[in-house]
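Novice:
In full-length UniProt numbering, the protein residues as written are 1 to 689.
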């Protein structure tokens, strides 16, 4: 109570994507337990623009920077605020937390806990749920009682001793097993009738039980950290941690790039494994690895995403997820259900955008700046069709920080046109890659090699860097992308923040470009992908630019996947080429001389990428990192895939907490920070004079 003081002052408040951050005058009213804000100090005598009840609220310093924090009210409303510096943030956070604790405890005293009670979902004829009657035929389903018990008054909870963690872990394991049984029992209910799996009370029970287990897991992790801190950061040699069986030696665990073993089976729930990620800060160094293209083999993996079965079967899970989301909510930190995942990482998806390397290499063969810009536009527009695996909107894996993906393409020099020759008949992928099989030195003179590397350089915000080069043609592309996802009601929108630069060193030209937004539509029925937004391509040296519009389908009428664009000379404002069509079907290019060219993307030949076998990949390379999730999804075992995915994500969170506690920055492997972007550590424009 000594610190219960009313404070006021200016803070920046995040409003929305359009308005952004705005200065507002905030007042902490300790007596009423309110946080109020006004437009400015002069308007303080007027009605506040906004008010938050602090009882039951959560005050969270942000890990984005040292100035930002959030106030999450019990009503679900959230203020995202930013102070001028770290000291001011700490002042506000501490005073808000004291006020919140005081008023939360006051509510607890005025509203004592409910008496010990329990209810059974199978209670026949129960009238606790309005309009719901239980049928005798449902007693075959096994449910368990949910109880609320008050602790004996006047007794203090004993301090948890380190050796009690084993008992707690066992209890957590039992509780999580019961919670899974409850969820399974609810989902086994019929889809129609008096009591269904979509009953509002049951959905609420699912949500609260899941939230309770998540809170318990967080508390258990805090106990583990306290226990670890008592060890002063040092454990005896050979100490092991339970992650994925068999156990892994601590000496080789949780270092950047350290060797990991990923067995196929998980015997315990991931949430109750001992995740004591105690790493040595001085070991967080990573050396780039030179990938030999001769070790890479033509990819035989062909995971098409046309199966709707899992989506249909898990509709109740989707409904439950939607009930927890709000319009405009940032989905970056929302854990989405496993069954909607593609069988590849986001880093590999970026590589699949390069599946027409013949068109990529042909850009530099253009006879002049105008033709090179047009060729780049043609390559750009043809990349999205192959980048999507099938028509179903599924989500690739969120890359783990430090995750990398490597591949390459070999294509005969004869397949690269010196003039526009992309409107060719379709060839099979095997015909497209024509160098002699298993040839190492002999194939090189007759082939171009395009090498690709991608790395997840940041977790919050999620930023990926990728780089591709063709040394023989003195050309490369470097890009960084920050994916921001938003919930839009019956669809999900993903904004691709960032830019790429194509370097044609032979001509001294640089082409900057951006990426369109992506939308997953009709997520309750048959989800499908739509691209939208305006992107620009510019070459400052030549003065040529391109403006491309990806049109979203209007509510009434209109075509799907429509795209239009034009290439112009900025100095004269002359349009030299127009393009229209669908980005996943047929594109029509009309040139200034009246000629027209059609590109049928469904018949365009695809070059298969070359990837190292799993046994030669590093532990943080995408396919090896996610191999057990992918295998489980192929087998249709969603539960096992979820366990493997959860283990990876929990490991990442533990490592992130450790780096924050030790103030150890993350060291990237292949990409270096350059202003607001990321650049490959050894780009072609630095190694080629």
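Heads up, the beta-carbon is just placed ideally off N, CA and C, and yes, glycines get one too.
Going by DSSP in three states, residue 616 sits in which element: helix, strand or coil?
Specialist: helix
Novice: Given that a residue counts as buried once 16 or more other Cβ atoms are within 10 Å of its Cβ, and exposed if not, what is residue 190?
Specialist: Residue 190 is exposed by the Cβ-count criterion.
Novice: What residues are listed by DSSP as bridge partners for residue 51?
Specialist: 36
Novice: Thinking just about the alpha-carbon of each residue, which of 195, 182 and 685 is nearest to the one in residue 476?
Specialist: 685
Novice: Between residue 568 and residue 547, what straight-line distance do the alpha-carbon atoms span, to the nearest angstrom?
Specialist: 9 Å
Novice: Can you tell me which of 514, 450 and 55 puts its alpha carbon nearest to the alpha carbon of residue 357?
Specialist: Looking at 514, 450 and 55, the one whose alpha-carbon comes closest to that of residue 357 is 450.
Novice: Quick one: residues in its chain with C-beta nearer than 6 Å to the C-beta of residue 538, no 5 flanking neighbours on either side, listed in chain order?
Specialist: 512 and 545
Novice: With distances taken between CB atoms, is the gap from residue 408 to residue 296 smaller than 8 Å?
Specialist: Yes, the pair counts as a contact, with Cβ atoms nearer than the cut-off.
Novice: Tell me, please, whether the region 376 to 387 touches the region 643 to 652 by the rule of three or more beta-carbon pairs shorter than 8 Å.
Specialist: no
Novice: For residue 299, which residues does DSSP report across the bridge?
Specialist: Beta-bridge pairing links residue 299 to no other residue.
Novice: Taking the alpha-carbon of residue 44 as reference, which of 58, 25, 54 and 52 has the nearest alpha-carbon?
Specialist: 25
Novice: So residue 612 packs on residue 343, CB below 8 Å; how close in whole Å?
Specialist: Wrong, their Cβ atoms sit about 18 Å apart, outside the cutoff.
Novice: Whole angstroms are fine: how far does the CA of residue 485 sit from the CA of residue 107?
Specialist: Rounded to the nearest angstrom, the two C-alpha atoms are 37 Å apart.
Novice: Can you tell me whether DSSP reads residue 537 as helix, strand or coil?
Specialist: strand
Novice: Name the one or two DSSP bridge partners that residue 511 has.
Specialist: 502 and 539
Novice: Determine the direct distance from the alpha carbon of residue 463 to that of residue 655, and round the result to whole angstroms.
Specialist: 18 Å
Novice: Rounded to the nearest angstrom, what separates residue 454 and residue 660 at their Cα positions?
Specialist: 25 Å
Novice: Excluding the 5 residues flanking residue 213 on each side, which residues of the same chain have their C-beta closer than 8 Å to its C-beta?
Specialist: 175, 176, 179 and 271
Novice: Could you tell me the boundaries of the alpha helix (DSSP H) in which residue 643 lies?
Specialist: 638 to 662
Novice: Could you tell me which residues DSSP puts in a beta bridge with residue 475?
Specialist: 470 and 504
Novice: Compare the C-alpha of residue 169 against each of 77, 216 and 680 and name the closest.
Specialist: Distances from the alpha-carbon of residue 169 to those of 77, 216 and 680 put 216 closest.
Novice: In whole angstroms, what separates the C-alpha of residue 560 from that of residue 584?
Specialist: 10 Å
Novice: Quick check on DSSP: helix, strand or coil for residue 553?
Specialist: Under the three-state reduction of DSSP, residue 553 is assigned to coil, being neither helix nor strand.
Novice: Spatial neighbours of residue 421 within its chain, please: C-beta separation below 7 Å, excluding the five flanking residues on both sides.
Specialist: In this prediction, residue 421 has a pLDDT of 43, which is less than 50 and means its spatial position is unreliable; nothing more can be read from the coordinates.
Novice: DSSP on residue 196, reduced to helix/strand/coil?
Specialist: coil
Novice: Contact defined as beta carbons within less than 8 Å: I believe residue 51 pairs with residue 34. What is the distance between those atoms, to the nearest angstrom?
Specialist: Sure, about 6 Å apart at Cβ, within 8 Å.
Novice: Assuming residue 575 and residue 381 form a contact by the criterion Cβ under 8 Å, report the distance between their Cβ atoms to the nearest whole angstrom.
Specialist: Rounded, the Cβ-Cβ distance is 17 Å, inconsistent with contact.
Novice: Suppose you measure from the CA of residue 425 to the CA of residue 620; what does that come to, to the nearest Å?
Specialist: Its pLDDT being 34, under 50, residue 425 is placed unreliably in this model, and the value from its coordinates should be taken loosely. The alpha-carbon atoms of residue 425 and residue 620 are separated by roughly 39 Å.
Novice: Can you tell me whether residue 630 is buried or exposed? The criterion is at least 16 other CB atoms within 10 Å of its CB, across all chains shown.
Specialist: buried
Novice: Please list, in chain order, all residues of the same chain as residue 415 whose beta carbon is under 6 Å from its beta carbon, the five residues on each side excluded.
Specialist: Here the set comprises 358.
Novice: Which residues in the same chain have their Cβ closer than 7 Å to the Cβ of residue 616, if we skip the five residues on either side of it in sequence?
Specialist: 295
Novice: Give the straight-line distance between the Cα atoms of residue 398 and residue 457, rounded to the nearest whole angstrom.
Specialist: 12 Å
Novice: Using alpha carbons as the reference points, say which of 368, 208 and 532 lies closest to residue 541.
Specialist: 368
Novice: Just verifying my parser: in three-state terms, what is the DSSP assignment at residue 558?
Specialist: Correct three-state label for residue 558: coil.
Novice: On the criterion of 16 or more Cβ atoms from any shown chain inside 10 Å, does residue 703 qualify as buried, or is it exposed?
Specialist: Outside the displayed range of the chain (1 to 689) lies residue 703, so it cannot be described from this structure.
Novice: DSSP has residue 70 in a bridge; who is on the other side?
Specialist: In the DSSP assignment, residue 70 is bridged to 60 and 80.
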